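If you want our numbering, it's the position in the sequence shown, counting the first as 1, plus 47. C-beta: ideal position from N, C-alpha, C; glycine also. Just so you know, these numbers come straight off a predicted model, no measurement behind them. This report concerns only the one structure given below.
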Amino acid sequence: MTGRIVIAGLGPGDDTLITPQVSLAITQATDIVGYIPYVARIEPRPGLTLHASDNRVEIDRSRHALEMAAEGKQVVVVSSGDPGVFAMASAVFEAVEAGPTSWRNLDIQVLPGITAMLAASARAGAPLGHDFCAINLSDNLKPWELIEKRLRLAVEGDFAMAFYNPRSKSRPEGFARALEVLRKACGDSRPVIFARAVSTPDEHIDVVPLTEARPEMADMRTVVIVGSSQTRIITRNGAPIVYTPRSVLP
Ligand code: SAH
48 MTGRIVIAGL GPGDDTLITP QVSLAITQAT DIVGYIPYVA RIEPRPGLTL HASDNRVEID
108 RSRHALEMAA EGKQVVVVSS GDPGVFAMAS AVFEAVEAGP TSWRNLDIQV LPGITAMLAA
168 SARAGAPLGH DFCAINLSDN LKPWELIEKR LRLAVEGDFA MAFYNPRSKS RPEGFARALE
228 VLRKACGDSR PVIFARAVST PDEHIDVVPL TEARPEMADM RTVVIVGSSQ TRIITRNGAP
288 IVYTPRSVLP
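As structure tokens, this is what we get:
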């Protein structure tokens, strides 16, 4: 059998948010590769081997997946959300670029998933309804100075912003610094959405003005969305609606 490697996104958590295309690829797989909590979402069955690995071994994991596909296996590499957003698709292509030329002839497909910022945005209203950007706040793979520079420029460009990997136990200081940079650069009190574990039983959404945003409100299961200067809040009983209008008037 000709090998195949599919890099699939499992969405933010709820199984109903997995696309039928991804579900089909999983039913056809012989091998599933990925970070432990994502592989744990796959139902075991006879004929399917689950290869769960720790975080931070993305290139090794990719090579392993490519080697198995080259042996003729039907490999699915799983990511949460979308596999192209701060996830495995780039890691697999880095391994392909550095690997044997035969890997370039493999059947490789990327299947999209619902990324965290879109699931969070839908819960809050439509904060990403106008121009926006996504920034990974982890400085594991890039220098902190670059993160600060991008934050300042995103504010200058008046983008709404979505922050992935905002705060971890090993990097408790970064997000506090990011909030400081934002408060200085924005000079106003725009809405900040802390969306934790969206679409899971642990989901929790908080909307606060930037002046009241505190570092402890975020962890590694949170995506943080900061509005642009145009972002508005409709207050109502129950949860507020946060949205950014479609147009900016001249
Ligand atoms: N590929 C993933 C992102 C991986 S980076 C995607 O497209 O969503 C991991 C970060 O994603 C987390 O630190 C968090 O910021 C965010 N994230 C993933 N799932 C989430 C969820 N269900 N709710 C809130 N944030 C989530």
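If contacts are defined as beta-carbon pairs under 8 Å, then residue 294 and residue 235 qualify, I think. What distance do you get, rounded to the angstrom?
Between residue 235 and residue 294 the Cβ distance is about 20 Å, and since that is not below 8 Å, they are no contact.
Is it the case that the Cβ atoms of residue 170 and residue 273 are separated by a distance below 8 Å?
The answer is no: Cβ separation not under 8 Å.
Run the proximity test for residue 27: is its beta-carbon closer than 7 Å to any non-hydrogen atom belonging to the ligand SAH?
Because the chain is modelled from 48 through 297, residue 27 falls outside the range shown and cannot be assessed.
Using three-state DSSP, classify residue 258 as helix, strand or coil.
If DSSP states are grouped into helix, strand and coil, residue 258 belongs with the helices.
Look at the alpha carbon of residue 155 and the alpha carbon of residue 53, and state the distance between them as a whole number of angstroms.
Distance between the alpha carbons of residue 155 and residue 53 is about 6 Å.
Does the beta-carbon of residue 211, which I'm using as the reference point, lie nearer than 7 Å to any heavy atom of the ligand SAH?
Residue 211 Cβ: within cutoff of the ligand SAH.
At a Cβ threshold of 8 Å, is residue 211 touching chain B?
Absent from the structure is chain B; it holds one protein chain and no more.
Quick one: is residue 57 buried, meaning 16 or more other Cβ sit within 10 Å of its Cβ, or exposed?
Buried, since its Cβ has 16 or more Cβ neighbours within 10 Å.
When you compare the CB positions of residue 159 and residue 129, do they come within less than 8 Å of one another, or not?
In this structure, residue 129 lies closer than 8 Å to residue 159 by Cβ.
So does the segment 174-192 actually touch the segment 278-293, counting three or more Cβ pairs closer than 8 Å?
The answer is yes - the segment 278-293 touches the segment 174-192, with three or more Cβ pairs under 8 Å.
Quick one: Cα of residue 90 to Cα of residue 224, how far?
About 41 Å.
Applying the criterion that 16 or more other CB atoms from any shown protein chain within 10 Å of the CB defines a buried residue, is residue 172 buried or exposed?
Label assigned to residue 172: buried.
What's the gap between the Cα of residue 49 and the Cα of residue 75?
Between residue 49 and residue 75, the C-alpha separation is close to 13 Å.
Among the residues of its own chain, which have a CB less than 6 Å from the CB of residue 215, if the five just before and after it don't count?
Counting only Cβ-Cβ distances below 6 Å, and skipping sequence neighbours, we find 267.
Would you please state the rounded distance, in angstroms, between the beta carbons of residue 161 and residue 84? I believe it to be under 8 Å.
About 17 Å; that fails the 8 Å criterion.
Any idea which residues DSSP pairs residue 180 with across the strands?
208, per the DSSP bridge assignment.
Would you please state the rounded distance, in angstroms, between the beta carbons of residue 252 and residue 286? I believe it to be under 8 Å.
The Cβ separation is near 7 Å, so the contact holds.
Which residue comes first and which comes last in the alpha helix (DSSP H) that contains residue 202?
Residue 202 -> alpha helix (DSSP H) spans 191-203.
With hydrogens ignored, establish whether the beta-carbon of residue 81 is closer than 7 Å to any heavy atom of the ligand SAH.
No, since every heavy atom of the ligand SAH falls outside the 7 Å radius drawn around the Cβ of residue 81.
The alpha helix (DSSP H) that contains residue 68, what's its start and end?
Its alpha helix (DSSP H) spans residues 67-74.
I'd like to confirm the pairing. Which residues does DSSP put opposite residue 82 in its beta bridges?
Paired residue(s): 100.
Taking the alpha helix (DSSP H) that residue 107 falls in, what are its first and last residues?
Here the alpha helix (DSSP H) through residue 107 covers 105-117.
With a threshold of 7 Å (Cβ to nearest heavy atom), would residue 222 be considered close to the ligand SAH?
Flag unset: Cβ of residue 222 not near the ligand SAH.
Under the three-state reduction of DSSP, which class applies to residue 126: helix, strand or coil?
If DSSP states are grouped into helix, strand and coil, residue 126 belongs with the strands.
Is it buried or exposed, residue 105, if we count other Cβ atoms within 10 angstroms and call 16 or more buried?
It counts as buried.
Would you decide whether residue 278 is buried or exposed? Buried here means 16 or more other CB atoms lie within 10 Å of its CB.
Counting Cβ neighbours within 10 Å, residue 278 comes out buried, since at least 16 surround it.
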